[in-house]
Amino acid sequence: MADAESRKPSAKDVADFKDAERLSRMQSKAKALETRIEQQWQAMAMKACDPLVKAYWVCRQEQGLMVVFRCREEINAMRECVGNKTRDKETYAAFREERMAVIKDVMGSGDYIRPSHKEFKIPGKRD
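Sequential numbering of the sequence shown, starting at 1, is according to full-length UniProt numbering.
In structure tokens:
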């Protein structure tokens with residue numbers, strides 16, 4: 001019995017463990033949120049460069065396996081456009097702050113309902 005008591009963690013150890021686990025979950029959520037904001041930023045850049053993206057995809061569909069050689073101009077133009085849109089640190093910081101403010105407003109108001117995984121559709125996957 002005394003041996004079992006000596007292996008039992010102290011209240012401080014339990015509290016430290018819970019704090020570490022809580023911090024880990026919070027960091028995971030923060031990382032997921034940051035990733036989502038970055039994805040929205042990339043999507044915004046792709047939408048701004050939509051004509052160039054469409055030109056590349058048309059070329060890609062027409063050329064098949066030769067896409068690497070025959071669509072260089074289109075891919076370079078698309079990369080340059082998207083790169084120019086996403087490289088601006090000040091604009092990204094403003095976009096990030098705006099998105100964080102919206103997220104805090106929505107989550108703080110209680111209107112936020114976490115969507116179930118069934119509502120999300122994987123692009124290209126058939127039901």
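Virtual Cβ for every residue (Gly too), placed ideally from N, Cα, C.
- Task: Report yes or no: do the stretch 75–84 and the stretch 45–64 share at least 3 C-beta pairs separated by less than 8 Å?
- Result: The answer is yes - the stretch 45–64 touches the stretch 75–84, with three or more Cβ pairs under 8 Å.
Q) Which residue's Cα is closest to the Cα of Glu34: Met100, Tyr56, Glu90? A) Met100
Any idea if Leu52 is buried or exposed, counting beta-carbon neighbours within 10 angstroms, 16 or more meaning buried?
When all chains shown are included, Leu52 counts as buried.
Using a Cβ-Cβ cut-off of 8 Å (strictly less than) and excluding sequence neighbours within five positions of Ile103, which residues of its own chain qualify?
-> Leu33
(Q) Between which residues of its own chain and Phe95 is the CB-CB distance below 7 Å, once the five residues before and five after are set aside? (A) Trp41
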